[in-house]
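Asker: The structure's right below; bear with me while I get my questions together.
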Amino acid sequence: MKISIERAALLKAVSQAQSVVERRNTIPILANVLIEAESEAISLRATDLDIEVVDKASAQVVRAGATTVNAVLLHEIVRKLPDGALVMLSDDPASGRLSVEAGRSRFSLATLPREDFPVMASSEYESNFSVAAPVLRRLFDKSKFAISHEETRYYLNGVYLHVAEGEGGKVLRAVATDGHRLARIDAPLPEGAENMPGVIVPRKTVAELGKLLADDDTEIAVSVSETKVRFATPDITLTSKVIDGTFPDYTRVIPTGNTRKLEVDASDFAKAVDRVATVSSERSRAVKMALDEDRLVLSVNAPDSGAAEEELAVAYGDEPLEIGFNAKYLLEIASQVDRENAVFMFNSAGDPTLMREGNDTSAVYVVMPMRV
Amino acid sequence: MPALCRDCLATFEAGSRCPECLGVRVISHPELFDLTIAHMDCDAFYASVEKRDNPELRNKPVIIGGGRRGVVSTACYIARIAGVRSAMPMFQALKLCPNAVVLRPRGEAYAKASRAIRDMMSKLTPDVEPLSLDEAFMDLSGTAKLHGAPPAMMLARLVKQMETELGLTGSIGLSHNKFLAKLASDLDKPRGFAVIGKAETASFLHDRPVSMIWGVGATTRQALEAAGIRRFSDLLQWEKQDLAARFGNMGERLWHLARGQDDRRVSPHAPVKSISKETTFEEDISDPELLDGHLWRLAEQVADRAKAKGLAGRVITLKLKRADHRQLTRRLSLPYPTQLADRIYRISNKLLALVNDTGPWRLIGVGIGGLCPGEYAHSGADLLDPQAVKRAGAELATDRIRARYGQDAIRKGRSLR
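Dropping the structure here:
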């Protein structure tokens, strides 16, 4: 294999690949990226056995071929090369080295045979459809904060992507929860997605996916089977196993009978929560919300560090209510609101509270109160 | 050189025999009345309590330990002559000393004796730092005026009082810091009184093995040996930064200890870092139902302890030991601290499932760490487990019933497994 490629194109491809590679792994070849050169392009493939990413980049291929080389190392080298450099990659099967040359810099890297590189088995996808990047981005960005980190509840370690019955018919829905808060985000159902099986997309896949969705104008080709999900742009293909488990019935978690309504400017609210939470200690992250006629008092009382209080003008017309929440959880859901006021629907100090943006029910959040 | 008779508490100027009572249990040392940091270690504590409570055992070898499968927790001095040591597997101990009387530990009796000793110690100084039921550090600095007697005298009086009033003996180590005091208490056991003064600190340590340091176990010892360090004199060859680079925080501490320096204070309220309970089975277990029963009982004991101490933990630890003594632990951090047996049990049960191994196991243990005051404990509310709050309520009601009518007044069926 012998190719020349622009540094910027190579950097983009190799940076996506190296982020999939697990930093600590016991199988040496999994630290490597598989470089395949053919006609006018190269492809870089990396995997952790659960996720596989393939990046394509155009290059001048002098001699077709393939090899594998340490992904992090290659990334570091390319990153440090000067802007605008032309990079030459050529492998020497005799010495088992890959030479990387740019300007006056020369590197010689150890390789492992391409035959040893595990390529994810292809599978039959039951559902194929296309979604605009911003739609998919909203689904995952607004739900991912609620993904559980608790490995004993592995079926919560991802976003549940499925087809559901929304208010105006079928929707594509993303749900994530850790038992303390829940996010439920809807998008119009794309054509061809009707028969999509519900899948739990793992946390790491959601994080990797972010890079594919950065560009607003991209259409993402989505393929879903019972065991795998694939997201593809013309340059990048991300294939991931899905979590083998049953996502709990979240519908009964979402309160429907909460009647006490609070409406507040989301950004003012988030800032105020952030300010009073400054004195809260690692141990007690509780923020108390005391509600009265159009008045909200946020307060924190942490015996070992101090106390704080802030008053906000809000729209509230129900009976006085005192309710406590984890400050971090309140901040996280408040920061999901970007266009209109945040609307909280309470029942009692012990029941789950619902939050949404204005009257928009396409994104709703549930948070469990805590004792204060 | 100042001297003190440990039998009649007379003080005098040198001599190996007490001029008052003619006793020979005399301790003399140039710095005897100047040193203030002490370590008191009871002699074969559990066994001594048993012998005191049952005089028939007095001249028999006695071993305290858990069952046929367990290990020796204490061996009396008669059993020690046969070679029995603490932490030795019971079968080995019985091979060495076949006529030994083996007794199950009676935790309550030991705790009661321990409290009585602690009361005596706290009359000497408020700065008592217990390390376990049967040993403690004491800082007697500045108490000479109050007591009208130097620390050495008060300590001799303490062990004498322990013997006459409680029928238990202890050994005293007296020095100028905790590290040396602890070493000293071990020099003259049982009924010992040893002094390490400032003047002879360096020569005392010089040829002794570093494995004497409290906290240097098998692993650290091997690492030290690999670096050619076996004795304190070897440590003296090293620069401080080299030790720190090789052994981290421990390295720096070793540098100071090699010079007999230890500035740790005697702190009466050393915070509890974790609460755990474990049990070694009579026979290795792989039956999930049996394990489940053990898990529940352990979780309940841990929760009881946490509630009694007003603590809650956010890290749950499960410990397992295989038949071949290989140990494995699994832990999980919770978003909120808990002190509920129900929560501790459920998490440890899930951790056990994640181990994905049917054993058989010889030991199982449950613990909580990352402790904080109990008032920060979470209610247990969980969006996905609506019953959790009810179970938490039931547990609190159970606690109230048990507080009123006794520990066994109400139990979960699970605990009978």
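If you're matching them up, the sequences are chains Y and C in order.
First residue of the first sequence? That's 4 in the working numbering, and the numbers climb one at a time after it.
First residue of the second sequence? That's -2 in the working numbering, and the numbers climb one at a time after it.
Note that the Cβ used here is the ideal one computed from N, Cα and C, for glycine as well.
Tell me whether P285/C sits in a helix, a strand or coil according to DSSP, three-state version.
Answerer: Looking at P285/C - three-state DSSP - the assignment turns out to be helix.
Asker: At a Cβ threshold of 8 Å, is H375/C touching chain Y?
Answerer: By this cut-off, H375/C is an interface position.
Asker: Compute the distance between the beta-carbons of I34/C and H173/C, then report whether it is under 8 Å.
Answerer: Yes, the pair counts as a contact, with Cβ atoms nearer than the cut-off.
Asker: Mind checking if L288/C is an interface residue toward chain Y, Cβ cutoff 8 Å exclusive?
Answerer: Chain Y, which has no Cβ nearer than 8 Å to the Cβ of L288/C, makes this no.
Asker: Is the distance from the Cβ of M159/C to the Cβ of L137/C below 8 Å?
Answerer: No, they are not a contact pair.
Asker: Would DSSP call E392/C helix, strand or coil?
Answerer: Correct three-state label for E392/C: helix.
Asker: Flag A242/C as yes if its beta-carbon sits less than 8 Å from any beta-carbon of chain Y, otherwise no.
Answerer: For A242/C, the answer is no, since every Cβ of chain Y falls outside 8 Å of its Cβ.
Asker: Of all the CB atoms in chain C, is at least one closer than 8 Å to the CB of R1/Y?
Answerer: Any question about residue 1/Y goes unanswered here, given that chain Y covers just 4 to 375.
Asker: At 7 Å on the CB atoms, spell out the chain Y contacts of K437/C, in chain order.
Answerer: No answer is possible for residue 437/C: it lies beyond the span of chain C, which begins at -2 and ends at 414.
Asker: Who are the Cβ neighbours of E249/C in its own chain at under 7 Å, not counting the five residues just before and after it?
Answerer: The residues are K237, L240, A241.
Asker: Output the distance between the C-alpha atoms of G87/Y and G106/Y, rounded to the nearest integer angstrom.
Answerer: Roughly 10 Å separates the two Cα atoms.
Asker: Could you have a look at L37/Y and say whether DSSP puts it in helix, strand or coil?
Answerer: In this structure, L37/Y counts as strand in the three-state DSSP scheme.
Asker: Should L368/C and L308/C be called a contact, given that it needs their Cβ atoms to be closer than 8 Å?
Answerer: Against a cut-off of 8 Å, the Cβ pair of L308/C and L368/C comes out as a contact.
Asker: Take D38/C as the anchor and find which of L287/C, P187/C, E372/C, K142/C has the nearest alpha-carbon.
Answerer: D38/C has its Cα closest to that of P187/C, out of L287/C, P187/C, E372/C, K142/C.
Asker: Taking only beta-carbon atoms, is H165/Y less than 8 Å away from chain C?
Answerer: It does not; no Cβ of chain C falls within 8 Å.
Asker: At which residues does the beta strand (DSSP E) containing I361/C begin and terminate?
Answerer: Residues 358 to 370.
Asker: Could you pull the DSSP bridge partners for C2/C from this structure?
Answerer: C2/C is bridged to V23/C.
Asker: If you measure between the beta carbons of N329/Y and M373/Y, is that distance less than 8 Å?
Answerer: Yes, Cβ-Cβ distance for N329/Y and M373/Y is below 8 Å.
Asker: Look up Y332/Y in the DSSP assignment and say whether it is helix, strand or coil.
Answerer: Helix, per DSSP.
Asker: Can you have a look at N73/Y and say buried or exposed, based on whether 16 or more other CB atoms are within 10 angstroms of its CB?
Answerer: Buried is the call here.
Asker: Smallest Cα separation from L295/C: which of S283/C, R311/C, F278/C?
Answerer: Here the closest residue by C-alpha is F278/C.
Asker: So what's D38/C in DSSP terms, helix, strand or just coil?
Answerer: Here D38/C sits in strand by DSSP.
Asker: Provide the residue span of the alpha helix (DSSP H) that contains Q21/Y, from first to last.
Answerer: Looking at the DSSP string, the run of the alpha helix (DSSP H) that includes Q21/Y is 10 to 23.
Asker: Given a threshold of 16 other Cβ atoms within 10 Å of its Cβ, counted over all protein chains shown, does D58/Y qualify as buried or as exposed?
Answerer: Per the 10 Å Cβ criterion, buried.
Asker: For A310/Y, count neighbouring C-beta atoms within 10 Å of its own C-beta (all shown protein chains included) and say buried if the count is 16 or more, exposed if not.
Answerer: Its Cβ having fewer than 16 others within 10 Å, A310/Y is exposed.
Asker: Taking the beta strand (DSSP E) that A108/C belongs to, which residues open and close that run?
Answerer: Looking at the DSSP string, A108/C is not in any beta strand (DSSP E); the run it does join, the alpha helix (DSSP H), is 104 to 121.
Asker: So what does DSSP say about E325/Y, is it helix, strand or coil?
Answerer: In the structure shown, E325/Y sits in a strand (DSSP, three-state: E or B).
Asker: Run through DSSP, which three-state label would D144/Y get?
Answerer: Helix, per DSSP.
Asker: For V227/Y, which residues in the same chain have their Cβ closer than 7 Å to its Cβ, ignoring the five residues on either side in sequence?
Answerer: For V227/Y, where only same-chain residues beyond five positions count, the Cβ hits under 7 Å are Y128, E129, S130, M199, P200, V202.
Asker: Fully enclosed by the segment 69 to 110 of chain Y, which beta strand (DSSP E) runs are 3 residues long or longer?
Answerer: Runs found: 89 to 95, 100 to 105.
Asker: Going by beta-carbon coordinates alone, are L423/C and L1/C separated by less than 8 Å?
Answerer: Examination of residue 423/C is not possible in this model, given that chain C is present from -2 through 414 alone.
Asker: Indicate whether at least one CB of chain Y lies closer than 8 Å to the CB of A378/C.
Answerer: True, the Cβ-Cβ gap to chain Y drops below 8 Å.
Asker: For I223/Y, which three-state DSSP category applies?
Answerer: Note: I223/Y maps to strand in three-state DSSP.
Asker: For I223/Y, which of D238/Y, A210/Y, T230/Y has the nearest alpha-carbon?
Answerer: Selected option, being the one with the closest Cα: D238/Y.
Asker: Please report the residue range of the alpha helix (DSSP H) in which K207/Y lies.
Answerer: Start and end: 206 to 215.
Asker: Does any CB atom of chain C fall closer than 8 Å to the CB of T180/Y?
Answerer: Taking Cβ atoms only, chain C reaches closer than 8 Å to T180/Y, which makes this a yes.
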